[in-house]
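Chemist:
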Amino acid sequence: RLVRFATEDVGMADPQALVVAMAAQQAIHFLGLPEGKLALAEATVYLATAPKSNSLYTAYSAVEDEIKKGSNDPVPLHLRNAVTPMMKNIGYGKDYKYAHDYDGHYVEQQNLPDSVKDKKFYTPSDQGNEQEVAERLKKWRPD
């Protein structure tokens, strides 16, 4: 339950929450009870006091809904790995821009299929870590 809470209720506001919840799970398996109770207590307090955001959950649900509507276009050719000469000849990987070769490790590149390229699935909240995510997105996509 703590792992689910970390991903669904805390989410991107504090991505470390998932690490804490998983560490508690591992500690319980390693130590057993009663020794592992403090690991559960620590994770519970961490999650209870962490900033909360369901923006990732909302985004994931929106993507699932889009797929259910039939938006299941193929992966754009430039994102496909050309592992054979034939794949390279038909355009796999052509014009792919490797972000690490660009200033700030970001490059403007359409990576979604045309049918959903203008849709916005993820909108960060104003909670915790998502404030930083929002700033990065604003810098990359100042729309």
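In terms of our numbering, the sequence shown opens at residue 259 and continues consecutively. We treat Cβ as the ideally placed atom computed from N, Cα and C, and that holds for glycine.
#1: Since I believe Asp267 is in contact with Lys310 (beta carbons under 8 Å), could you give me their beta-carbon distance rounded to a whole number of angstroms?
#2: Use the C-beta contact count for Leu270: other C-beta atoms within 10 angstroms, 16 or more gives buried, fewer gives exposed.
#3: For Leu474, count neighbouring Cβ atoms within 10 angstroms of its own Cβ and tell me buried if that reaches 16, exposed if not.
#4: Helix or strand or just coil, what does DSSP make of Asn312?
#5: For Ala320, tell me which candidate among Tyr356, Glu293, Thr381, Glu388 has the shortest Cα-Cα distance.
#6: With DSSP run on the structure shown, which of helix, strand or coil describes Gln284?
#7: Are the beta-carbon atoms belonging to Ala299 and Leu260 less than 7 Å from one another?
#8: What number of angstroms, rounded off, separates the C-alpha of Glu388 from the C-alpha of Asp372?
#9: Can you list, in chain order, the residues of its chain with a C-beta nearer than 7 Å to that of Ala357? Leave out the 5 residues immediately preceding and following it.
#10: Just the C-alpha distance for Tyr360 and Asn339, rounded to the nearest angstrom, thanks.
#11: Give the single residue among Ser383, Leu337, Ala392 whose Cα lies nearest to the Cα of Tyr354.
#12: Mark Asp331 as exposed unless 16 or more other C-beta atoms lie within 10 angstroms of its C-beta, in which case mark it buried.
#13: Alpha carbon to alpha carbon, what distance is there between Asp384 and Ala418?
#14: According to the neighbour-count rule (16 or more other Cβ atoms, all chains shown, within 10 Å of its Cβ), is Val277 buried or exposed?
#15: Identify which residue in Thr265, Ala308, Tyr304 has its Cα closest to the Cα of Gly386.
Modeler: Looking at the atomic coordinates:
#1: 6 Å
#2: Reading off the sequence, residue 270 comes out as Met, not Leu. Flag for Met270 reads buried.
#3: Examination of residue 474 is not possible in this model, given that the chain is present from 259 through 401 alone.
#4: coil
#5: Thr381
#6: helix
#7: No. Outside cutoff.
#8: 27 Å
#9: His363, Tyr364, Val365
#10: 20 Å
#11: The option with the nearest alpha carbon to Tyr354 is Leu337.
#12: Looking at its Cβ environment, which holds fewer than 16 other Cβ atoms inside 10 Å, Asp331 is exposed.
#13: Any answer about residue 418 is impossible in this case: the structure gives the chain only from 259 up to 401.
#14: exposed
#15: Ala308
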